Amino acid sequence: MKSLDSGNWQRTSPFAIVFFIRTSISQIRGIINLLAAFGVSLIFLRRMPRLDLVILADAVLIVATGVLRYWFFRFRIEADRLLIREGILRKTALELPYDRIQGINVERSLVDRVFDLVTVQLDTAGSDAIEARLPSVRAEVADRLRARLGAGRGVEPTGQTRAAHPLAADQGPLGSPATGTDAGRPDGTKSEVLLRLNAGDMIRIGLARIEIPAVAVIFLALWNEPRELPRRMAESFGVVPVLEWVEGVLAAVAQGLSQAAFVAGLLVAGLAAVVLITIIAAFLRYHDFTLWRGPAAYRSRAGLLSQREVAVQFPRIQRIVLLQTPLARCFRRYRLTLYPAADDVDELVVPLLDGATAESLRREVLGDESPGLTLLPANRAFVRVSPFHIRGLALKIAIAPALALPAILFFSGVLGRALAEVSVWILFWVLIGGLVALAHWWRIGYMHDDDGMSIRGGFFDRNVDAFLFRKVQYVTVKQSLLQRRRRLATLEIGLATETVSVPYIDRGLATRLRDYILYKVESSRRRWH
Amino acid sequence: MFINPEVPLESLPSADNLDWHALHPSFVRRLQLGALIRVLVIGAIGTVAYLLMQGGDSEAMGRFADWLLSYALIAFGVFAASILIWPVIAVPRRGYVVREKDILYKTGVLWRSVKAVPFNRVQHTKIDSGLLDRRFGLANLSVFPAGAGGHKIRGLGTDTAERLRVYVSERIEAEAIEPADDERSPPPDPRTEAGAAPDNGPVTDAG
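Chains as they are written, first to last, in the numbering used here: chain A, 2 to 530; chain B, 565 to 771.
So, in structure tokens, the structure goes:
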């Protein structure tokens, strides 16, 4: 076996070809999207018999690119740095000193898992997003890198490399696919399992993620054209024969049933299909979800076929977001996301947790710095903003569509003949804008203590953003014409990951908060990431 | 020794009543010239389009062009007048203030905003000036914190912009984070005394 030590340029395992093919595909997604209108191409196939050759040539090209990229991808582990060389025509050489690497994330695709390999993603410091990945390498490469990282840190007190990486501790169980469920055993490290989700939770995640508006639109369409829509969808996907067979069977069934019952059955079946798909998606993505707290980072791992591990270092967390969809509200569960500072690091998503767990996580993340905050949207401490926000927001939503129709009619010279219709149109949009604005205003709320702030918002969903003042990047006080008349203002707070805002609060309060946040940032001597 | 006295809210420095620095006097002219060029280009394109439609064989197209002209001329006139006059209204309402710990920029006529970027969050600064800017001796200063946002202060005199950039860079270094109580401590830097006057050597961009 080749040594992993300095001096040897090595290739990853040939299974990395799969990874490179995937990368190629995502890079030429535009073309793939065209091909993905597969039904259309099938319909045209009879008229353009050479299309299959085009598709074949594309596929060969993609695979060949993948193989070539694998061939030209080399990496070398040195004492103080990692070197990566890649590129077929345009060569790049990447040099990563270990002290710039913040951590190692590990991802295992299905292929990786079958052949006991890992895909290592390196979390680099700085805002310049570098794609630093070692696809499908032997697990010991990750171990070696971690050891190097630990050694490079010298007197680094956190000891994060070994202890914060549960994967390093239980490489054994994870390596063999049969005992995948055993993964995450702390195994003598200081990591502690905070949360683990089971099959029932997957079903809840699936249910919670059903997009109610999208489902409503589909059902409305189905209701109007119960027979036509499936047929048209089938045509565009090129599965007409399948549909005809299904329809033959259904027609036999439908003879016994009334048309109304048939439509109802179709709706139930449609709903069942949507539920099934989202639940399957939840299983694929979050199966066996486990969340650990290491000495320096939170770390999660999940996935049915391909497993993903995400790590977020404590001090780099910029904001915590708790989200609750309307259906998740039925079973009192939330979704929590920890956003780290850098662009090239993934955020850590906890797909399902209850309020108490969310609050204890919040207490841990914000530490004792900001004990007065809450993440729970139902908390009574949230203060609503001025009701004038409804007016401003309704105006913003309604003004363009409400005026578009009259303008078009005016320029075609027929406005005078359609005054009644136009006033109904405008009234309709004013109503819509008002209702949407009211619903949104009802959600918006904010609260803060001496060191941090929680902002509640959302429309269908409820979400709460929590962050510390000392991590703020910039502050803006904004005033529109309407706000100036009412002595109101919008406070906009720039974080490293996102800009959050508190709309329509008293102008004096907004400037006081602005000055206070600036004071907190400017007097803070702690690192913000 | 660590001391942490309570700070009375009223004593916090307020960013409300400040002496705002105006932008360079020729910035209005520069914007107007830019607007004039845009008006001329759009006008030329419109004229060519009109002549093409008129010159075509189709009778209906010619009538359509005449109908369009009556509205288009009004719209074009309003548009041209507004973008030529707008700088006179907007530019005096913009301004910036550089304080010891942050830099503020205000802008807006109908929607007004005042944005403050603390120096200890600035990642890097940038000066740029286009062809027109250079013609009037102007430059734009950008100040970037992490993430999106930050300032782009347009219409500074070239000297002012350069002096500001140097000052901001100095302040960034002066405000650099001290050895942290979190992890990943950088080596202690004797220059990063809190509140000390900047005594930097060669000034470099923090980017």
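Heads up, the beta-carbon is just placed ideally off N, CA and C, and yes, glycines get one too. These figures come from a predicted structure and were not determined experimentally.
With a threshold of 16 other CB atoms inside 10 Å of the CB of A/V138, please say whether the residue is buried or exposed.
-> For this step, residue 138 of chain A is matched to residue 137 along the first sequence. Buried: at least 16 other Cβ atoms inside 10 Å.
Counting only the same chain and skipping the five closest in sequence on each side, list residues whose C-beta sits under 8 angstroms from that of B/D583.
-> For the purposes of this step, residue 583 of chain B is identified with residue 19 of the second sequence, where counting begins at 1. The answer, listed in chain order, is V661.
Any beta-carbon of chain A closer than 8 angstroms to the one on B/Y614?
-> The residue labelled residue 614 of chain B in the question sits at position 50 within the second sequence. So no, B/Y614 is outside the interface.
Could you check how far apart the C-beta atoms of A/L482 and B/L674 are, in whole angstroms? I think they sit under 8 angstroms.
-> Your numbering for residue 482 of chain A matches position 481 in the first sequence. Your numbering for residue 674 of chain B matches position 110 in the second sequence. The Cβ separation is near 5 angstroms, so the contact holds.
In whole angstroms, what separates the C-alpha of A/L406 from that of A/I398?
-> Against the first sequence, residue 406 of chain A aligns to sequence position 405. Against the first sequence, residue 398 of chain A aligns to sequence position 397. For A/L406 and A/I398, the gap between their C-alpha atoms comes out near 15 angstroms.
Identify the continuous beta strand (DSSP E) that holds A/D507 and give its terminal residues.
-> The residue given as residue 507 of chain A occupies position 506 in the first sequence. Annotation for A/D507: the continuous beta strand (DSSP E) segment containing it runs 500-507.
With a 10 Å radius around its C-beta and 16 neighbouring C-beta atoms as the bar for buried, classify A/I213 as buried or exposed.
-> Position 212 of the first sequence, counted from the start, is the residue given in the question as residue 213 of chain A. Exposed, since its Cβ has fewer than 16 Cβ neighbours within 10 Å.
Is B/I667 buried or exposed, if buried means 16 or more other CB atoms sit within 10 Å of its CB?
-> The residue you call residue 667 of chain B lines up with position 103 of the second sequence. Classification for B/I667: buried.
Could you tell me the distance, in whole angstroms, from the CA atom of A/L118 to the CA atom of B/D697?
-> Locating residue 118 of chain A in the first sequence gives position 117, counting from the first residue. Locating residue 697 of chain B in the second sequence gives position 133, counting from the first residue. Approximately 56 angstroms, taken between the alpha carbons.
Reducing DSSP to helix, strand and coil, say where A/E348 ends up.
-> In the first sequence, counting from the first residue as 1, residue 348 of chain A sits at position 347. Residue state for A/E348 is assigned as coil, using DSSP reduced to three classes.
Let me know the secondary structure DSSP gives A/S301 once reduced to three states.
-> The residue labelled residue 301 of chain A in the question sits at position 300 within the first sequence. If DSSP states are grouped into helix, strand and coil, A/S301 belongs with the strands.
Please say whether A/R444 and A/V434 have beta carbons closer to each other than 8 angstroms?
-> Translated into positions along the first sequence, residue 434 of chain A becomes position 433. Translated into positions along the first sequence, residue 444 of chain A becomes position 443. Sequence check: residue 434 of chain A is Gly here, not Val. The answer is no: Cβ separation not under 8 angstroms.
Compare the C-beta of A/T338 with all C-beta atoms of chain B and state if any pair is closer than 8 angstroms.
-> Within the first sequence, numbered from 1, the residue matching residue 338 of chain A stands at position 337. Taking Cβ atoms only, chain B never reaches closer than 8 angstroms to A/T338, which makes this a no.
For B/R684, three-class secondary structure by DSSP = Position 120 of the second sequence, counted from the first residue, corresponds to residue 684 of chain B. Residue identity check: residue 684 of chain B is Asn in the sequence provided, not Arg. Reduced to three states, the DSSP call for B/N684 is helix.
Take A/P178 and list the residues in its own chain whose beta-carbon comes closer than 6 angstroms to its own, dropping the five residues that flank it on each side.
-> Walking along the first sequence from the start, residue 178 of chain A turns up at place 177. Its pLDDT being 32, under 50, A/P178 is placed unreliably in this model, and the coordinates cannot settle the point.
Neighbourhood of B/P682 by C-beta distance below 7 angstroms, restricted to the same chain and skipping five residues each side = As a working note, residue 682 of chain B is residue 118 in the second sequence. Excluding residues within five positions, the ones whose Cβ falls inside 7 angstroms are K665, D666.
Measure the alpha-carbon distance for B/E737 versus A/N199 and round it to whole angstroms.
-> Along the second sequence, read from residue 1 onward, the residue named residue 737 of chain B stands at position 173. Along the first sequence, read from residue 1 onward, the residue named residue 199 of chain A stands at position 198. Here the C-alpha atom of B/E737 lies approximately 50 angstroms from the C-alpha atom of A/N199.
What residues in the stretch 665-678 of chain B bring their beta carbon closer than 7 angstroms to a beta carbon of chain A?
-> For the stretch 665-678 of chain B, which is checked against every Cβ of chain A, the residues closer than 7 angstroms are K665, D666, L674, W675, R676, S677, V678.
Start-to-end residues for the alpha helix (DSSP H) that takes in B/V605 = For this step, residue 605 of chain B is matched to residue 41 along the second sequence. Per DSSP, B/V605 belongs to the alpha helix (DSSP H) from 591-619.
Taking A/L496 as the reference, which of B/L720, B/V732, B/S733, B/G713 has the closest Cα?
-> Stepping through the first sequence from its first residue, residue 496 of chain A is reached at position 495. Among B/L720, B/V732, B/S733, B/G713, the Cα nearest to that of A/L496 is on B/G713.
Near A/F116, which residues of its chain fall below 6 angstroms by C-beta distance, leaving aside the five closest residues on each side in sequence?
-> For the purposes of this step, residue 116 of chain A is taken as the residue at position 115 of the first sequence. F16.
Entirely within the stretch 616-699 of chain B and at least 3 residues each: give me those beta strand (DSSP E) ranges in chain order.
-> Fully enclosed beta strand (DSSP E) runs of 3 or longer: 659-662, 666-671, 676-682, 686-692.
Could you check the C-alpha separation between A/A440 and B/L633 for me, to the nearest Å?
-> Translated into positions along the first sequence, residue 440 of chain A becomes position 439. Translated into positions along the second sequence, residue 633 of chain B becomes position 69. A/A440 and B/L633: Cα-Cα distance of roughly 44 angstroms.
Tell me, to the nearest whole angstrom, how far the beta carbon of A/P352 is from that of A/I206; I am working on the premise that it is less than 8 angstroms.
-> One-based indexing of the first sequence puts residue 352 of chain A at position 351. One-based indexing of the first sequence puts residue 206 of chain A at position 205. About 5 angstroms separates the beta carbons of A/P352 and A/I206, which is inside the 8 angstroms limit, making them a contact pair.
Where do the ends of the alpha helix (DSSP H) carrying A/S424 lie?
-> Taking the first sequence and counting its residues from 1, one reaches residue 424 of chain A at position 423. Note, A/S424: alpha helix (DSSP H), 420-444.
Exposed or buried, what is B/W631 when buried is set at 16 or more other beta-carbons lying within 10 Å of its beta-carbon?
-> Here residue 631 of chain B corresponds to residue number 67 of the second sequence, with the count starting at 1. Under this definition B/W631 is an exposed residue.
Find the residues of chain B that neighbour A/E523, judging by a C-beta separation of less than 7 angstroms, and give them in chain order.
-> Here the question's residue 523 of chain A lines up with position 522 in the first sequence. K665, D666, P682, N684, listed in chain order.
A/L84 and A/F76 closer than 8 angstroms at C-beta | On the first sequence, position 83 is the one that residue 84 of chain A refers to. On the first sequence, position 75 is the one that residue 76 of chain A refers to. Taking 8 angstroms as the Cβ cut-off, A/L84 and A/F76 qualify as a contacting pair.
For A/A94, collect the residues of the same chain with a Cβ closer than 8 angstroms to its Cβ; drop the 5 residues on either side in sequence, then sort them by chain order.
-> Against the first sequence, residue 94 of chain A aligns to sequence position 93. Cβ within range, chain order: L84, I85, R86.
Taking C-alpha atoms, which residue in A/I321, A/A379, A/Q308 lies nearest to A/S371?
-> Start at 1 with the first residue of the first sequence, and residue 371 of chain A comes out as number 370. Looking at the Cα atoms, A/I321 is the closest of the given residues.
Under the rule that 16 or more other beta-carbon atoms within 10 Å means buried, what is A/Q122, buried or exposed?
-> Walking along the first sequence from the start, residue 122 of chain A turns up at place 121. Looking at its Cβ environment, which holds 16 or more other Cβ atoms inside 10 Å, A/Q122 is buried.
From the beta carbon of B/D583, is the nearest beta carbon of chain A less than 8 angstroms away?
-> Along the second sequence, read from residue 1 onward, the residue named residue 583 of chain B stands at position 19. For B/D583, the answer is no, since every Cβ of chain A falls outside 8 angstroms of its Cβ.
Spell out whether any CB of chain B is found under 8 angstroms from the CB atom of A/F468.
-> As a first step, residue 468 of chain A must be located in the first sequence, where it is residue number 467. Proximity of A/F468 to chain B, defined by a Cβ-Cβ separation below 8 angstroms, is not satisfied.
Starting from A/Q474, find everything on chain B with Cβ-Cβ shorter than 7 angstroms and list it in chain order.
-> To locate residue 474 of chain A, count along the first sequence from 1; it is residue 473. Those are R685, P709, A710, G711, G713, listed as they occur along chain B.
DSSP three-state assignment for A/F16, whether helix, strand or coil = Sequence index remark: in the first sequence, residue 16 of chain A carries index 15 (1-based). If DSSP states are grouped into helix, strand and coil, A/F16 belongs with coil.
Where A/R147 falls: helix, strand or coil (DSSP) | Numbered from 1 along the first sequence, position 146 holds the residue referred to as residue 147 of chain A. DSSP places A/R147 in helix when its eight states are reduced to three.
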